[in-house]
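This note's numbering applies: residue 256 is where the sequence shown begins, and numbers increase by one. Before any comments, here is the structure.
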Amino acid sequence: MKAMILAAGFGTRLKPITESIPKPLVEINGKPVIEYTLDALKKAGVKSVVINLHHLGALIEDRLGDGSAYGLDIRYSHEPVIKGTAGALLWARHMLDEPFYLINGDILFDIDLAILPQRMHTKNADALMVLYKATPQDMNIANIYLDGQAYVKSLFTPFPDTTPYIFTGIQILKPEAISYIPGNLHQPSTTMHLYPEMLRSKRLIAGYVHSGLWIDIGSSDRLELARRFFKE
256 MKAMILAAGF GTRLKPITES IPKPLVEING KPVIEYTLDA LKKAGVKSVV INLHHLGALI
316 EDRLGDGSAY GLDIRYSHEP VIKGTAGALL WARHMLDEPF YLINGDILFD IDLAILPQRM
376 HTKNADALMV LYKATPQDMN IANIYLDGQA YVKSLFTPFP DTTPYIFTGI QILKPEAISY
436 IPGNLHQPST TMHLYPEMLR SKRLIAGYVH SGLWIDIGSS DRLELARRFF KE
């Protein structure tokens with residue numbers, strides 16, 4: 256399997272840090288957050304990784320190089336303008352010719368990625384979303400609705416007899432799923448456009464609920480939480 260890491264964003268909620276450092280290079284315990292993801296992908300047997308770039312992208316490319324330092328082959332998808340999470344797939348689709356992990360470049364997690372492809376295969380699904388159980392304080396962002404058979408039934412709209420979960424930004428897609436991205440949008444999104452279109456087309460999206468470590472460092476308070484966690 257291949258992988259793609261989404262690393263093009265401006266990191267607006269982390270300003271002023273991200274005015275000079277792209278969010279994936281923000282350090283946790285002396286190590287850029289994106290390197291934790293690269294380590295997890297290497298451990299899962301991934302050999303080829305695509306990283307999309309825009310905001311301060313040259314700094315990411317300079318840091319990671321061709322990937323040989325991580326035991327990986329890293330290629331870059333340079334976006335002249337931000338394409339959106341699904342638009343990034345359209346822009347890089349020539350490099351995504353087999354099932355691939357798609358992971359946000361600003362998260363920390365301890366999930367064993369190697370278990371996910373078999374889960375998706377067992378569910379006969381075209382995609383798999385890794386989800387997280389919401390605490391009562393986080394219910395406002397729990398908007399992925401999973402049925403009793405562990406299939407995603409709805410995004411953002413409550414669905415009968417389902418449970419809402421938080422999307423972790425970790426997923427697997429078959430390359431054929433890219434064909435469900437609308438080509439006429441400026442910045443199509445995976446959650447707003449790709450997955451809803453797949454559901455409308457009766458494609459199966461499996462859900463996997465992770466109960467271990469998962470931290471999105473996209474805001475200053477979450478970044479501080481991650482730094483405190485790694486000091487413990």
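Note that the Cβ used here is the ideal one computed from N, Cα and C, for glycine as well. As the structure is a prediction and not an experimental result, all values here were calculated from the model.
Does the separation of the CB atoms of residue i and residue j fall below 8 Å?
{"i": "Leu296", "j": "Leu371", "result": "no"}
{"i": "Val385", "j": "Ile460", "result": "no"}
{"i": "Leu311", "j": "Pro277", "result": "yes"}
{"i": "Ala389", "j": "Ile421", "result": "yes"}
{"i": "Leu269", "j": "Val305", "result": "no"}
{"i": "Ala343", "j": "His448", "result": "no"}
{"i": "Tyr356", "j": "Leu410", "result": "no"}
{"i": "Ala263", "j": "His309", "result": "yes"}
{"i": "Met453", "j": "Glu353", "result": "no"}
{"i": "Leu280", "j": "Arg318", "result": "yes"}
Looking at the secondary structure, which residues open and close the alpha helix (DSSP H) in which residue i lies?
{"i": "Leu293", "result": "288 to 298"}
{"i": "Leu269", "result": "Unbroken run through Leu269: none, as it is neither H nor E."}
{"i": "Leu440", "result": "Careful: Leu440 lies outside any alpha helix (DSSP H) and carries neither H nor E."}
{"i": "Leu454", "result": "450 to 455"}
Go ahead and label residue i buried or exposed: buried means 16 or more other beta carbons lie within 10 angstroms of its beta carbon, across all protein chains shown.
{"i": "Ser332", "result": "buried"}
{"i": "Thr445", "result": "buried"}
{"i": "Val489", "result": "The first residue shown for the chain is 256 and the last is 487, placing residue 489 beyond what the model contains."}
{"i": "Gly320", "result": "exposed"}
{"i": "Glu487", "result": "Because Glu487 sits at a pLDDT of 48, beneath the cut-off of 50, its placement in the model cannot be relied upon, and the following sentence gives the value as read from the coordinates. Exposed, by the Cβ-count rule."}
{"i": "His252", "result": "For residue 252 there is no data in the structure shown, the boundaries of the chain being 256 and 487."}
{"i": "Gln392", "result": "exposed"}
{"i": "Ala481", "result": "buried"}
{"i": "His349", "result": "exposed"}
{"i": "His376", "result": "exposed"}
{"i": "Val336", "result": "exposed"}
{"i": "Ala324", "result": "exposed"}
{"i": "Leu261", "result": "buried"}
{"i": "Ala313", "result": "exposed"}
Which stretch, first to last residue, makes up the beta strand (DSSP E) that contains residue i?
{"i": "Gln426", "result": "418 to 428"}
{"i": "Tyr356", "result": "355 to 359"}
{"i": "Ile399", "result": "399 to 401"}
{"i": "Ala258", "result": "257 to 261"}
{"i": "Tyr463", "result": "460 to 465"}
{"i": "Ser409", "result": "407 to 410"}
{"i": "Ile470", "result": "469 to 471"}
Next item on the list: Kindly confirm or deny that the stretch 371 to 381 and the stretch 422 to 439 touch, where touching means at least three C-beta pairs closer than 8 Å.
Entry: They touch, by the three-pair rule.
Notebook entry, point to check: Curious, which full-length alpha helix (DSSP H) runs of at least 4 residues does the stretch 342 to 387 contain?
Noted result: Runs of the alpha helix (DSSP H) spanning 4 or more residues and lying entirely within the stretch 342 to 387 occur at 342 to 346, 371 to 377, in chain order.
Checklist line | Every unbroken beta strand (DSSP E) within the stretch 304 to 343, with a cutoff of 3 residues, ordered by chain | finding: Assignment of beta strand (DSSP E) within the stretch 304 to 343, counting only whole runs of 3 or more residues, yields 328 to 333 in chain order.
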